[in-house]
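In my numbering, the protein residues as written are 1 to 310.
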Amino acid sequence: VAFDQTWKYSYIIAEGMSGEQRSRWLPRFMGDHECLLAIGFTEPGHGSDSFGLEYGPRIGMQIDAKPEGGEWALNGMKHFISNGGLAKIYFICARTDKTVGIDRGCTTFAVAAGHPGFTIGEIHDKMGQRNVQNAELVFQNCRIPDRDRLTPVGEGLKFQIDLAKASHVEAAATVLGPARRAYEECLEYAKNRVQGGKPIIEHQAVQLMLAEMNMLVEASRNYIWRAAIRNEYEKPFEPHYSMLTKVFVSEAAYRVCTLGMEIWGGMGYMKEAPMEKLLRDAASFLHSDGTNQVHRLKAAQLFGGLAAKH
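As structure tokens, this is what we get:
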């Protein structure tokens, strides 16, 4: 996940910056092999409501960005931010106009780690995905020069949603990893674990579970490949497709890992076995990159002609 966050948001430097901005930020990124990237979207009071089921002044992110003498003063907090406290470059979406919804009132900025007024708050203690750090980002009169504003004022959400079209597919590809390993571990375990005088793979109940796991993994792989190809070559790319890819694959992966726990039995619950970690890691993707329920609603609104596509 730490690599995925950096990989997908490097697109901002490559394609989302002006030439002048890129001349300053790209050397900083390329010249430091420890330079991770992070994006600040979710807040303590706002998460999936920022994905645009509806818009209004009090709906979605509320962190302030006010213009002051050629700079922007940021005040507020982001949380659950992947690579938070480890990243050296952050992309922050903030409200520049609270009289309108976030579809017209937020703007995206580039902020370097250690910038005056920007500190790291709590490091979240998570159930799974423990090898990637998630943290609070705290802004207290953090003054960002206007030259580090990445979007036209008020168009930050469109920028974020354009990124999300690819981000959802990458999230799906990431959670497929635990699912594939769970299936492979279970297949090998079932060939060697003996119960009732024979390897458990010879029991029909185990065969049924392994077949379902294989089916879900292969269906997920094909869904991801199709979404990736469409995202690359289909212009305009329909955003609901990437949303539903993430929904399907994350739920399939969670199901695969749950079946894996059943195949391993009591041993699967033990930390010395691989299954409990894979299940914990898969569970995180049911809510990361937007909750699955919100993605279902947003996707239906999009292909039903009920919501703007930005």
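Glycine included, each C-beta is placed from N, C-alpha and C at the ideal position.
As the structure is a prediction and not an experimental result, all values here were calculated from the model.
Residue i classed as buried or exposed, judged by whether at least 16 other C-beta atoms fall within 10 angstroms
{"i": "residue 14", "result": "exposed"}
{"i": "residue 44", "result": "exposed"}
{"i": "residue 220", "result": "buried"}
{"i": "residue 12", "result": "buried"}
{"i": "residue 165", "result": "buried"}
{"i": "residue 192", "result": "exposed"}
{"i": "residue 132", "result": "buried"}
{"i": "residue 6", "result": "buried"}
Reduced DSSP secondary structure (H/G/I, E/B, other) of residue i
{"i": "residue 41", "result": "coil"}
{"i": "residue 93", "result": "strand"}
{"i": "residue 266", "result": "helix"}
{"i": "residue 188", "result": "helix"}
{"i": "residue 277", "result": "helix"}
{"i": "residue 141", "result": "strand"}
{"i": "residue 119", "result": "strand"}
{"i": "residue 310", "result": "Residue confidence for residue 310 is low, a pLDDT of 47 falling below 50, so the modelled location carries little weight; the figure read from the coordinates is stated next. Residue 310: coil per DSSP, three-state reduction."}
Backbone CA spacing between residue i and residue j [nearest angstrom]
{"i": "residue 310", "j": "residue 160", "result": "With a pLDDT of 47 at residue 310, under the threshold of 50, the predicted position of this residue should be treated as unreliable, and no value is reported."}
{"i": "residue 134", "j": "residue 123", "result": "6 angstroms"}
{"i": "residue 58", "j": "residue 158", "result": "18 angstroms"}
{"i": "residue 286", "j": "residue 175", "result": "10 angstroms"}
{"i": "residue 137", "j": "residue 144", "result": "15 angstroms"}
{"i": "residue 24", "j": "residue 35", "result": "14 angstroms"}
{"i": "residue 228", "j": "residue 140", "result": "39 angstroms"}
{"i": "residue 83", "j": "residue 19", "result": "26 angstroms"}
{"i": "residue 262", "j": "residue 268", "result": "7 angstroms"}
{"i": "residue 280", "j": "residue 71", "result": "43 angstroms"}
{"i": "residue 108", "j": "residue 200", "result": "54 angstroms"}
{"i": "residue 110", "j": "residue 21", "result": "9 angstroms"}
{"i": "residue 79", "j": "residue 293", "result": "20 angstroms"}
Neighbourhood of residue i by C-beta, 6 angstroms cutoff - its chain only, sequence neighbours within 5 removed
{"i": "residue 240", "result": "299, 302, 303"}
{"i": "residue 185", "result": "274"}
Pick from the options that is closest to residue i, judged by C-alpha positions
{"i": "residue 93", "options": "31, 150, 87", "result": "150"}
{"i": "residue 118", "options": "147, 129, 73", "result": "73"}
{"i": "residue 154", "options": "211, 244, 129, 106", "result": "106"}
{"i": "residue 115", "options": "170, 281, 127, 89", "result": "89"}
{"i": "residue 255", "options": "213, 66, 229", "result": "213"}
{"i": "residue 102", "options": "130, 61, 87, 69", "result": "61"}
{"i": "residue 289", "options": "40, 36, 30, 31", "result": "40"}
{"i": "residue 259", "options": "2, 34, 210, 67", "result": "210"}
{"i": "residue 91", "options": "9, 120, 167, 170", "result": "9"}
{"i": "residue 66", "options": "282, 305, 97", "result": "97"}
{"i": "residue 163", "options": "16, 233, 205", "result": "16"}
{"i": "residue 232", "options": "169, 270, 187", "result": "169"}
{"i": "residue 312", "options": "190, 282, 283, 86", "result": "Residue 312 lies beyond the range of the chain shown here (1 to 310); nothing can be said about it."}
7 angstroms Cβ shell around residue i - same chain, five flanking residues per side excluded
{"i": "residue 64", "result": "74, 75, 76, 94, 95"}
{"i": "residue 278", "result": "178, 181, 182, 257, 260"}
Beta-carbon contacts of residue i that lie in its chain and below 8 angstroms, excluding the five residues immediately before and after
{"i": "residue 223", "result": "172, 245, 248, 249"}
Beta carbon proximity, residue i to chain B, threshold 8 angstroms
{"i": "residue 77", "result": "Among the chains in the structure shown there is no chain B, since it carries only a single protein chain."}
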